[in-house]
Structures are given as C-alpha cells and as structure tokens.
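Residue numbers (this note's numbering): -16 to 273. We put the CB at the ideal spot given by N, CA and C, even for glycine. This report concerns only the one structure given below.
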Amino acid sequence: MKILRTPRSVNKLSTRLRSEGKIIGFVPTMGYLHEGHLSLMRTARKKCDSLFVSIFVNPAQFGPREDFSEYPRNFRRDKQLCEKQKVDFIFYPQVNEIYPHGYSTYVEVENITNILEGVHRPGHFKGVATVVLKLFNIIQPHFAIFGQKDAQQLAVIRKMVNDLNLNVKIISNPTIREKDGLAMSSRNVYLNTEQRQDASVLYKALKYAERKILKLDYNDDLDFIKKQMWKLIKSRATVTDIDYISFNEADSLKEIKTLRNFRKGRLLISLAVRFGKVRLIDNLIVPIKH
Ligand code: AMP
-16 MKILRTPRSV NKLSTRLRSE GKIIGFVPTM GYLHEGHLSL MRTARKKCDS LFVSIFVNPA
44 QFGPREDFSE YPRNFRRDKQ LCEKQKVDFI FYPQVNEIYP HGYSTYVEVE NITNILEGVH
104 RPGHFKGVAT VVLKLFNIIQ PHFAIFGQKD AQQLAVIRKM VNDLNLNVKI ISNPTIREKD
164 GLAMSSRNVY LNTEQRQDAS VLYKALKYAE RKILKLDYND DLDFIKKQMW KLIKSRATVT
224 DIDYISFNEA DSLKEIKTLR NFRKGRLLIS LAVRFGKVRL IDNLIVPIKH
C-alpha cells in the first residue's frame, strides 16, 4: 500500500493505471475509519484492480460553528485498517494541496441541497460537491462508493454526476450499525455514556415508522407517524433538539406528505437529532409497492 500526498502524484499514477487498462475503484472518507467505511472498501475491492481511499477532513463542508478542528483524526490507525482491507493507495493530502492560496471555484448543486441537511448546514453540500468533483478529477476512478448513511449526500453526488456528465459510476452501500441499531459514525466518539445509550432511539424511531408505513391504509397521512417519532425521540433525556424528521422520495428528495399519491417507489425516512453538541443523522429506505 502506498500513501500519496499530492494531487499531481495521484493524477500521474491514475493516468498510467488507466492507460494500462486497470479498473480504478474509489472510496472517499474523512478518516477515523470504522466498520461502515471498511464495508465500502470491501465492496470496492471486489470490483476493481486498483483501490484508492482518500482521507481528507474537508474544511469546505464545515460551517463556521461546526466541528472541523475537533473532528477526530488518527491516521496511523486508519492506515492499518486500510492495509487490512487491501487498499492499494491512500490519498492523504494537506488542506493547502486541495485548496491552495487563492482558491475560488465551487460546485453548487441547486434545489436538492436547500432542504433537510441543507437547511441546518448552509454551504455544506457546496463543500461536499466541490471536494468530490476535485477528487474524481484527481483520481479518475471508474466507480466510487458512498454510504446510504448519508442519503442526501448520495442524492447530491448522483445529481452532480448526471448534470455534469461525469464519467464515473456511483455505487451505494447499506448503513452499518452497532448492535443496538445506532448507525456507525466517526462522531459517535463524542457521545458520553448517557447520550450513547439514548442514541439507540434514532433507529427505534425509524423502525417504528417503517412498520407503520408498511401497514398504513392509504387515507392516512404521514403526520401522525412523524409526531409519534418526535415523541419517542424526545422521551430520551439527553436529546436536546430534533432538527428534522422527514419523508422524501429517495432520489429526487421530493417531500412526501401522504402515501395516497405515492404507491410505488423508495420512501426515504430521515432525521437529524442533537445530543448536546453532538449532531447525529440517520435514515431508512422503505420500498413501497401497492
Ligand atoms: P465520512 O468519513 O463520514 O465522510 O464517510 C465516508 C463515507 O463512508 C461516506 O460515503 C459515508 O456515507 C460512508 N459511511 C459513513 N458511515 C457509514 C455507515 N455507518 N455505514 C455505511 N457507510 C457509512
């Protein structure tokens, strides 16, 4: 496994690999790797000749009051984990390699970034889309793998790839969870013991909604379910805020208020909840077929 620090060295390498006919797979991450990231690597490993993983805490996707400087980092450990997954190349750039002095070009995916996470994290998806496009240009992968855990991010990347005619296939992987259902996240290390216990309520609320929706009679709207989820989550003492609970079509992210007109498709139930300073997101997709 080789560690590369500059866009130029990666670009030279990937150009050569492509000319040799190698299939390049790519897993973008912000590091502090957990089983969720490793599952993406395992999926990618099976489909490519050369596997690139990027480890880059992208300042452009953090708001001014967010946790960029406190975001957990441990490159030594990450390196060992990548090695175990038979990663070929880690791209581990410094911030000034990606955003050199005077940097001024950004990607703005309109509309689907104005809802859900976009409301609570203004500018977040501009930072995500920009860095992902840059990484695609640097690494030139045939495919890239993203987690369903960040459902809106996945929808934004798919939209960007489609709108900008990018020559890269986007693959999604299911969310990996702890035993009690909590979605794995690098941010889970911020949770204290009580918060960690309470955080399992997010998956419980999502599963409750899934059960209800699968049984729902068409005249019912989704408001009742949302209120019940709200109550259930709020019943945990360490929950300080619920940013949103939402029902949307999984690709377009069009909001769904009632199942009356939504008889077929993938219903995304998503939420964002704060436990003090720690903000967690999670989601489930319910396939609807009536
Ligand atoms: P991050 O390092 O948090 O930016 O995540 C890098 C990639 O890993 C993204 O595509 C995430 O959606 C994915 N990911 C993060 N957590 C999980 C998880 N629990 N299960 C599956 N994928 C995940």
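Residue i - containing beta strand (DSSP E), residue span
| i | result |
| --- | --- |
| Thr338 | Nothing can be reported for residue 338, as the shown portion of the chain is limited to -16 through 273. |
| Lys152 | Lys152 to Asn156 |
| Ser2 | Careful: Ser2 lies outside any beta strand (DSSP E), inside the alpha helix (DSSP H) at Pro(-10) to Ser2. |
| Ala127 | Phe126 to Gly130 |
| Val36 | Ser33 to Ile38 |
| Asp224 | Asp224 to Glu232 |
| Lys240 | Note, Lys240: premise wrong, no beta strand (DSSP E); not H, not E. |
| Ile159 | From DSSP, Ile159 is part of no beta strand (DSSP E); its letter is neither H nor E. |
| Leu(-13) | Lys(-15) to Leu(-13) |
Nearest-angstrom Cβ-Cβ length linking residue i and residue j, presumed shorter than 8 Å
| i | j | result |
| --- | --- | --- |
| Ile73 | Ile(-14) | 5 Å |
| Pro76 | Phe39 | 6 Å |
| Ile322 | Ile140 | This structure cannot speak to residue 322, because the chain is shown only from -16 to 273. |
| Thr221 | Phe258 | 5 Å |
| Leu263 | Leu189 | In fact, because the Cβ distance is near 12 Å, the residues do not count as touching under 8 Å. |
| Leu23 | Ser253 | Their Cβ separation, rounded to whole angstroms, is 20 Å, which puts Leu23 and Ser253 out of contact at 8 Å. |
| Gly19 | Thr158 | 7 Å |
| Asp226 | Val256 | 7 Å |
| Phe119 | Ala127 | 7 Å |
| Leu215 | Lys187 | 7 Å |
| Asn41 | Val114 | 4 Å |
| Lys240 | Leu205 | 6 Å |
| Lys109 | Tyr89 | 5 Å |
Extent of the continuous alpha helix (DSSP H) to which residue i belongs
| i | result |
| --- | --- |
| Arg262 | Note, Arg262: premise wrong, no alpha helix (DSSP H); beta strand (DSSP E) at Val261 to Lys272. |
| Lys69 | Looking at the DSSP string, Lys69 is not in any alpha helix (DSSP H), and its letter there is neither H nor E. |
| Ala43 | That residue, Ala43, is in no alpha helix (DSSP H); it is neither H nor E in DSSP. |
| Ile208 | Asp206 to Lys217 |
| Arg257 | From DSSP, Arg257 is part of no alpha helix (DSSP H) but of the beta strand (DSSP E) over Lys247 to Phe258. |
| Glu193 | Val184 to Lys198 |
| Ile140 | Ala134 to Asp146 |
| Leu23 | Glu18 to Lys30 |
| Arg170 | First-last for Arg170: undefined, no H or E at that position. |
Burial state of residue i, where buried means 16 or more other Cβ atoms lie within 10 Å
| i | result |
| --- | --- |
| Gln68 | buried |
| Gln63 | exposed |
| Asn150 | exposed |
| Val172 | exposed |
| Tyr15 | buried |
| Leu197 | exposed |
| Arg48 | exposed |
| Lys142 | buried |
| His107 | buried |
| Thr96 | buried |
| Ser229 | buried |
| Asp71 | buried |
| Asp61 | buried |
| Gly4 | exposed |
| Thr12 | buried |
| Ser169 | buried |
Residue i beta carbon near the ligand MG (any heavy atom closer than 8 Å)
| i | result |
| --- | --- |
| Lys132 | The ligand MG is absent from the structure shown, which contains only the ligand AMP. |
Practice problem: Check whether the stretch 119 to 132 touches the stretch 249 to 268, taking contact to mean three or more Cβ pairs, one atom from each stretch, closer than 8 Å. | Solution: yes
Quiz prompt | Any alpha helix (DSSP H) of 4 or more consecutive residues that is wholly inside the stretch 45 to 122 | solution = 58 to 67, 78 to 81, 100 to 103 and 107 to 122
Exercise. Report yes or no: do the stretch 235 to 254 and the stretch 164 to 171 share at least 3 C-beta pairs separated by less than 8 Å?
Key: no
Quiz item: Would you say the stretch 40 to 58 touches the stretch 20 to 32, given that touching needs at least three Cβ pairs under 8 Å?
Solution: no
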